[in-house]
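Asks: Here the sequence shown is numbered in the numbering used here, starting from 9 and rising by one per residue. Note that beta-carbon positions come from the ideal geometry of N, C-alpha and C, so glycine has one too. From a predicted model like this one, the values you see are computed outputs, not experimental measurements.
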Amino acid sequence: MIAEPNSVANLPNHKENGIHDEIAPESTAQDGGCLRNGNARPLKGKRKIREQCENRRKNSSSSKRSNQLQNGEVVEAVTLFEVVIMGKSAMQSVVDDWVEAYKRDRDVALLDLINFFIQCSGCQGMVTAEMFQSVQNCEVMQKMTETFDEETGLQYKKFMAYPWILTVTWPVDMDNEDYPLIKPGPYWKKFRANFCEFIAVLVEQCQYIILYDSYLMDTIISLLTGLADSMVRAFRHTSTLAAMKLLTALVNLHLNLDISKHNLERLYEVEKNRAAGKRTNSRLDQLEKKKKEFEQKYLEMDNMMNAIFKGTFLQRYRDIIPEIRAICIEEMGSWMKMYPDTFLNDSYLKYIGWMLYDKQPEVRLKCLQGLQGIYGQKDLVYKMDLFTSRFKDRIVSMSLDKEHEVAVQAMKLLMLMSQNCEDALSSEDYETLYQFVYTTHRPLATAAGELFYNRLLIQESEMDSFANRNGKWEPVASQLRTLIIFFLESELHSHVTYLVDSLWDWALSVLKDWECMTALLLENTNDHDEALSKAEESALIEIILATIREAAEGHPPAGRAGTRKVLSAKEKKIQVEDCTKITEHFIVVLPQLLAKYSTDAEKVTNLLQIPQYFDLELYSTGPLDKHLDTLLKEVEAIVAKHSDTDVLETCSRVYHVLGSEGLAICNKVVAAKTELVDELVNKLNQLLVNSWNEGEGLCAEEEEIHHICSILQRVAVFYNAHDLSKWNLYDKMIKLLVFELEHGSLPLQVVLPALQCAYFALLWQLTSVVEDTPPKENVSDLKTRLKHLCHICTCYLSHDNRELREKGFAILCDLLMIVSHQDSSDDETVESLDYLPSSSLQTKMIIFIQDHVFTDEEEETKDLTEEEDRKKESQKLDALHLKRCLLAAYCKLIIYNVVEMTSAAEIYKHYMKTYNDFGDIIKETLSRSRHNDKIRSAKTVILCLQQVCPPRAFVSPGKFYVNTCGLQLFQKYVESQDDSASSITSMDVFSVSFVNIKELARRFSLTFGWDQVKSRESVAMIHKEGIEFAFQGAATTEEKSLPPNLNFLVILSEFSNKLLKPDKRLVYSYLQRYIPEPALCKGDSWYSLGWYRTSLLANEEEENSVVSSLNEWPPLNLTSTLALKRKISEGSRAKPSHPEKVNKKPSDSHSPSQTPSGGRKRLKFLESGYPENIPSLGSANLSRRHSTQAVVKEDNSVAEDMDVDVTGADQET
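#1: Where does the unbroken alpha helix (DSSP H) through PHE768 begin, and where does it stop?
#2: Restricting to Cα atoms, I'd like to know which of GLY457, GLU497, LYS580 and PHE817 is closest to LEU519.
#3: Only counting the same chain, and skipping five residues up and downstream in sequence, which positions put a Cβ closer than 7 Å to that of THR448?
#4: Look at the Cβ atom of PHE395, then the Cβ atom of LEU352, and state whether they are nearer than 7 Å.
#5: Identify, in the order they occur along the chain, each residue of the same chain with its Cβ nearer than 8 Å to the Cβ of GLN377, setting aside the five sequence neighbours on each side.
#6: Under a Cβ-count criterion, where at least 16 other Cβ atoms within 10 Å of its own Cβ denotes burial, should SER290 be classed as buried or exposed?
#7: Under three-state DSSP, which class holds TRP700?
#8: Confirm, please, whether the CB-CB distance from LYS947 to GLU1007 is below 7 Å.
#9: For VAL778 and ALA896, what's the separation of their Cα atoms in angstroms?
#10: Examine the Cβ distances between the region 540-558 and the region 612-626 and report whether three or more of them are shorter than 8 Å.
#11: Between the alpha carbons of PRO1052 and PHE1039, how many angstroms are there, rounded?
#12: Using beta-carbon positions only, say whether LEU1057 and ALA1009 come within less than 7 Å of one another.
#13: Does ILE857 come out as helix, strand or coil in the three-state DSSP assignment?
#14: When burial is assigned at 16 or more other CB atoms within 10 Å of the CB, is VAL1000 buried or exposed?
#15: Run through DSSP, which three-state label would THR177 get?
#16: For the putative contact between LEU774 and ALA762, defined by C-beta atoms under 8 Å, what is the C-beta separation to the nearest angstrom?
#17: Which full runs of the alpha helix (DSSP H) of 4+ residues lie inside the region 591-621, going along the chain?
#18: Thinking C-alpha only, which one of VAL662, ARG810 and GLN850 is nearest HIS860?
#19: Tell me which same chain residues have a C-beta within less than 7 Å of the C-beta of SER546, skipping the five on either side of it?
#20: Measuring alpha carbon to alpha carbon, tell me which of VAL697, GLU750 and CYS524 ends up nearest ARG489.
#21: Using a Cβ-Cβ cutoff of less than 8 Å, which residues in the same chain neighbour GLU236 once the five nearest sequence positions on both sides are dropped?
#22: Does DSSP classify LEU805 as helix, strand or coil?
#23: If you draw a straight line from the C-alpha of VAL1027 to the C-alpha of ARG936, how long is it?
#24: Whole angstroms is fine: what's the gap from HIS262's alpha carbon to TYR306's?
#25: Skipping 5 residues on each side, what residues in its chain have a beta carbon closer than 7 Å to that of LEU189?
#26: Which ranges would you report for the alpha helix (DSSP H) in the region 905-938 if only whole runs of at least 4 residues count?
#27: Determine the burial state of LYS52: buried for a count of at least 16 other Cβ atoms within 10 Å of its Cβ, exposed for fewer.
#28: To the nearest angstrom, how far is it from the Cα of ILE218 to the Cα of ARG114?
#29: Over what stretch of residues does the alpha helix (DSSP H) that includes ASN736 continue unbroken?
#30: Which runs of the alpha helix (DSSP H) at least 4 residues long sit entirely within the region 999-1085? Give them in chain order.
#31: Of all the options GLU709, ILE713, HIS714 and THR682, which has the alpha carbon lying nearest to the alpha carbon of LEU732?
#32: Which word fits PRO599, buried or exposed, when buried means at least 16 other C-beta atoms lie within 10 angstroms of its C-beta?
#33: Out of ILE403, LEU459 and ALA543, which has the shortest C-alpha to C-alpha gap to GLU497?
#34: Among TYR621, HIS593 and ASP608, which residue has its Cα nearest to the Cα of GLN583?
#35: Assuming VAL906 contacts SER1013 under a Cβ cut-off of 8 Å, what Cβ separation, rounded to an integer in Å, is found between them?
#36: With the cut-off set at 7 Å, would you say ILE1 and LEU1079 are in Cβ contact?
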């Protein structure tokens, strides 16, 4: 039944008959070949056909009582499409009913099926059909086209689905709409499954008689082939899916038919041998007749399959739509797996091989998945030799695919090839694939881990096992040796945690055998010639630590998993069991390992990280308590032996973990820690008393000074994690720091830990003040100490030693950040600790950044020797990391308003030059600053670009300080021009320096993003400040002379594309107030002005409209006073205050009377009547949300208002 939707039911008759010679009129009953809207009209007349259709509605599958509730009403499904889309009925019964209807009247049932395919394509039009009377009708054959009728706005496709000539009519915009196969949601995904199931069941139910009637399949194949050739995506996609699923069903049926034919042939041979002596045999005749029927069916089946393959697959596997190509390749893989005798040959494999190079990842993915089904069966691999040799390199390279899922499936395919294809992959291929265990994408790393485990750990370990150290450890020890060797020989990576995580799903029996691992470490190296070397021991300890971490935490290492998964009950149980196993084993073994490797800093550092994964409650149970004393003694001995920072930090962390409050062993651990610190402090005091001279400082031998340095280093590390305030070390440290300031003779190894100790002492004291309620004397003492230490760090900024300068700067930034952001809302005593840097200190800090971060150090690396040159790359990376830390620390002060935002201008100007090293930090600083205060951030950007005459002052909210860091960018450009020239010509804008400034402005413009409404205020303020700067000084020169900074308009034009269209007109109007008479603004000398005007005006009509509106304004009257409708905020003339006012709630300057009705925003220009007052751009006053200033009213000002409605912009939220 071909139903016409309501959306097109009311179309005019001339639309229905838009192609008069293709669609017969409705009144032509004697034509006998026209079927319209589901009503068949053969020669017997309309009435009989209508009766047949009514019976069809009652009996067919499309008239099943499948109901669906839509908008409160029950809708009865009357078409196949509606039955399938609702999915209420079993597909078997739906197809059975259709088959019964086909047996009664195949024309009506077949047209119902045709309409089903058309509707599944999402066609909102109608289908008409006429009988194909003559094959030689050339006139009809020429009309098998797809056309568009401009008069009706409809699109037509006429094609032959023998014996029908179908005409499909649909709206022209159908291709742009969603159709069922691509609509999102589970409902439409279910429809796709039902659609495919319907085709499969239809072929299965028709396999005995109907399938071979030379009518049904010929019509369906013709229909799908014609639709697959359409220019409309919906038709091509739906018909291709239907044709491929139809061919899949036929392949399955062909396979069964082949089996039945083979069985029949065997039975025929048996009967033939049995009846050799008889003249006649009816059984043999029946079998021979049945054999011929099978051969005929076999031939017809081959013809159907060939027709679909050649008519649809060969045309659509290269379709422009990737979904269609993916369908073809997916079904091709299933054919090869189902029926390899026919399809698994090079003639068909080449299509999959070609599509491995497809640009779309989903197509490449289907190719790999199809090949996995083939290579996964050993009995099919022998047919893949030529394909493997031709496309193996491509498959190996796909492991590097930019689409992660494609790379994972490629690795899984290579895994199958390595298992079932001997010598398919070379040793070089394996070496390349093994390295993927270090990749950050965990599914790919896990797939590579499976290949690594099966190919390397199992096979090679069995072939090359080493001598048996201890009988029960031999298999695991062999695999561990192989793993260690691979880890050490890997030249690209050293991340053992990634290696362990990649093998975690496959080699748990090896990775969790901690008894075997520790046995290998504790065995006597003299007993075996093949004992582990020192490098192998270090690698094994790293593997032990990585496996313990993975088992205890239960999630992949950092950088390999986006979010931590929620562990199931079973996984939590395994995690608890592993923690118990780790604790019970290493409580006993760890002290022995520490005693053996106590002198090796690297091994000890890794071993001391194990206790943090213990179940510490087990220490208080049973006989394990005695092992705690042994562990604490070993840790104390390690602290005494080592002065390396990493080792000491690890020891400090052990005391912190074991001494956590609430544990039964807490008191014992705290007592051991106190005893250790007492011993260190007593030694330090004794050494300082014996070697300190008030006038000369440290007067001791080199050995004693080294002893003092090592003790200070230990104390500083422990002070970081433990409160050592009761030992009162601050005064002793300050004494050393002050002496260094005055005399400068102390060793650096003494000053650096002393500075750290003083810093930690202040932090612990500050913590006690914040958490407790101390007396005012303690708060006053803390404030005094804070100012004193900040002064010391400020003085160290100019110290001769670079390392001390950098340490002092880092501590100074941390102190300023911590103290300026204490929550003092409820405690007045803490509020007195607020400390903000002075102008001179801010100047010193920005100078420090310029000298230590943005200064090249090539001269320092010229004198490197050959040995040092090998370490140059690592040293460069370390130096770059330190510079990034210093820059990030200072940028945080800018973002959180600790220092003036205008100081960021000195950082922004290095954005392009240092983009690779610091671009991310500078960009984030620019973004955060703009989020905090749009107006001040915009002024800072302009300040970075424009000219600052030395010693021009930086004007900032409430403060100003002199720029001693040199000229800004545009000033340098102006000075580089010819001083003898009275004006700057247009050719100067093509100089290298000017192009660099323009490129920097373009980069700044890109940081605003695509949301013009969000960045509206900032961009408007940039244009206002830029225009004022460009014409600055024009009033003091002659009328015919150019403004000295006119070329700055070219730089400013880079921000024009970020303006909204109404704001462009507004900015252009503001520009007009500075432009002299048009007659004077001609010639090449005014090139920059023309450039900027072009960037603001899209076309001449817009310019004419703006100019005409300007001519309508009343002339300026300096004596008249007009009322100000808008208050002046920071963007106008109000001078901001000190940043300490930033945190106060800004006042709202918008009143209801100022907001236009209808949700439209109005921008105003405010023009002062006095020549010394620069006009203000109203865009700066759009919002007060981020403003940091109270509203300032100006009286006695002469102004003129111009209102512009902004219709295309929404209010900011």
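Replies: Let me lay it out:
#1: Residue numbering aside, residue 768 sits at position 760 when the sequence shown is read from its first letter. In the DSSP assignment, PHE768 falls within the alpha helix (DSSP H) that extends over 756-779.
#2: Locating residue 519 in the sequence shown gives position 511, counting from the first residue. Comparing Cα-Cα distances from LEU519 to each of GLY457, GLU497, LYS580 and PHE817, the minimum goes to GLY457.
#3: Translated into positions along the sequence shown, residue 448 becomes position 440. Within the same chain, THR448 has close Cβ partners GLY567 and ARG568.
#4: Reading the sequence shown from its first residue, position 387 is the one you call residue 395. Reading the sequence shown from its first residue, position 344 is the one you call residue 352. Not a contact, by the Cβ cut-off of 7 Å.
#5: Numbered from its first residue, the sequence shown carries residue 377 at position 369. The beta carbon of GLN377 sits closer than 8 Å to those of GLU338, GLY341 and GLN417, all from its chain and outside the five residues before and after it, given in chain order.
#6: What you label residue 290 is simply residue 282 of the sequence shown in a count that begins at 1. When all chains shown are included, SER290 counts as exposed.
#7: Position 692 of the sequence shown holds residue 700. Look at TRP700 here: in three-state DSSP terms it is strand.
#8: Taking the first residue of the sequence shown as 1, we reach residue 1007 at position 999. Taking the first residue of the sequence shown as 1, we reach residue 947 at position 939. It is not a contact, given that the beta carbons lie outside the stated cut-off.
#9: Residue 778 sits at position 770 when you count from the first residue of the sequence shown. Residue 896 sits at position 888 when you count from the first residue of the sequence shown. Taking the straight line from one Cα to the other gives about 26 Å.
#10: Under the 8 Å Cβ criterion, the region 540-558 counts as touching the region 612-626, having at least three qualifying pairs.
#11: Taking the first residue of the sequence shown as 1, we reach residue 1052 at position 1044. Taking the first residue of the sequence shown as 1, we reach residue 1039 at position 1031. Distance between the alpha carbons of PRO1052 and PHE1039: 7 Å.
#12: As a position in the sequence shown, residue 1057 is number 1049, starting the count at 1. As a position in the sequence shown, residue 1009 is number 1001, starting the count at 1. The Cβ atoms of LEU1057 and ALA1009 do not sit closer than 7 Å to each other.
#13: What you label residue 857 is simply residue 849 of the sequence shown in a count that begins at 1. Residue state, collapsed to three classes: helix.
#14: Working through the sequence shown from its first residue, we reach residue 1000 at position 992. Residue burial annotation: VAL1000 is exposed, with fewer than 16 other C-beta atoms found within 10 angstroms of its C-beta.
#15: Indexing the sequence shown from 1 puts residue 177 at position 169. Looking at THR177 - three-state DSSP - the assignment turns out to be strand.
#16: For the purposes of this step, residue 774 is taken as the residue at position 766 of the sequence shown. For the purposes of this step, residue 762 is taken as the residue at position 754 of the sequence shown. About 19 Å separates the beta carbon of LEU774 from that of ALA762, a gap too long to meet the 8 Å contact definition.
#17: Whole alpha helix (DSSP H) segments, 4+ residues: 609-615.
#18: Position 852 of the sequence shown, counted from the first residue, corresponds to residue 860. When each option's Cα is compared against that of HIS860, the closest is ARG810.
#19: By one-based count along the sequence shown, residue 546 stands at place 538. Once the five neighbours on either side are set aside, the close Cβ partners of SER546 are GLU610 and LYS611.
#20: Working through the sequence shown from its first residue, we reach residue 489 at position 481. The shortest C-alpha to C-alpha distance from ARG489 to any of VAL697, GLU750 and CYS524 is the one to CYS524.
#21: Taking the sequence shown and counting its residues from 1, one reaches residue 236 at position 228. This sequence places Ala at residue 236; Glu is not what is there. If we look at ALA236 and ignore the five residues flanking it on each side, its Cβ neighbours are PHE243, ARG244, SER247, THR248, ALA251, GLY319, THR320, GLN323 and ARG324.
#22: As a working mapping, residue 805 is identified with position 797 in the sequence shown. Secondary structure at LEU805: coil, using DSSP grouped into helix, strand and coil.
#23: Counting from 1 along the sequence shown, the entry for residue 1027 is found at position 1019. Counting from 1 along the sequence shown, the entry for residue 936 is found at position 928. Between VAL1027 and ARG936, the C-alpha separation is close to 16 Å.
#24: Locating residue 262 in the sequence shown gives position 254, counting from the first residue. Locating residue 306 in the sequence shown gives position 298, counting from the first residue. Cα to Cα, the separation comes out at about 7 Å.
#25: For this step, residue 189 is matched to residue 181 along the sequence shown. Non-local C-beta neighbours of LEU189 in its own chain, meaning closer than 7 Å and more than five positions away in sequence, comprise ARG200, HIS245, THR246 and LEU249, ordered along the chain.
#26: If we require 4 residues or more, the alpha helix (DSSP H) runs fully inside the region 905-938 come out as 913-916.
#27: As a working note, residue 52 is residue 44 in the sequence shown. In this prediction, LYS52 has a pLDDT of 38, which is less than 50 and means its spatial position is unreliable; nothing more can be read from the coordinates.
#28: By one-based count along the sequence shown, residue 218 stands at place 210. By one-based count along the sequence shown, residue 114 stands at place 106. Looking at the two C-alpha atoms, the distance is approximately 10 Å.
#29: As a position in the sequence shown, residue 736 is number 728, starting the count at 1. Membership of ASN736 in any alpha helix (DSSP H) is not indicated, and neither H nor E is assigned to it by DSSP.
#30: Counting only runs of 4+ residues, the alpha helix (DSSP H) found wholly inside the region 999-1085 occupies 1000-1014, 1024-1038, 1056-1060 and 1069-1080, in chain order.
#31: Here residue 732 refers to the residue found at position 724 when the sequence shown is read from its first residue. For LEU732, the nearest C-alpha among the options comes from THR682.
#32: The sequence position of residue 599 within the sequence shown is 591, counting from 1. Counting Cβ neighbours within 10 Å, PRO599 comes out buried, since at least 16 surround it.
#33: Translated into the one-based positions of the sequence shown, residue 497 becomes position 489. Per the C-alpha coordinates, the member of ILE403, LEU459 and ALA543 positioned closest to GLU497 is ALA543.
#34: For the purposes of this step, residue 583 is identified with residue 575 of the sequence shown, where counting begins at 1. Ranking the options by Cα distance to GLN583, first place goes to TYR621.
#35: For this step, residue 906 is matched to residue 898 along the sequence shown. For this step, residue 1013 is matched to residue 1005 along the sequence shown. The Cβ separation is near 28 Å, so there is no contact.
#36: Examination of residue 1 is not possible in this model, given that the chain is present from 9 through 1221 alone.
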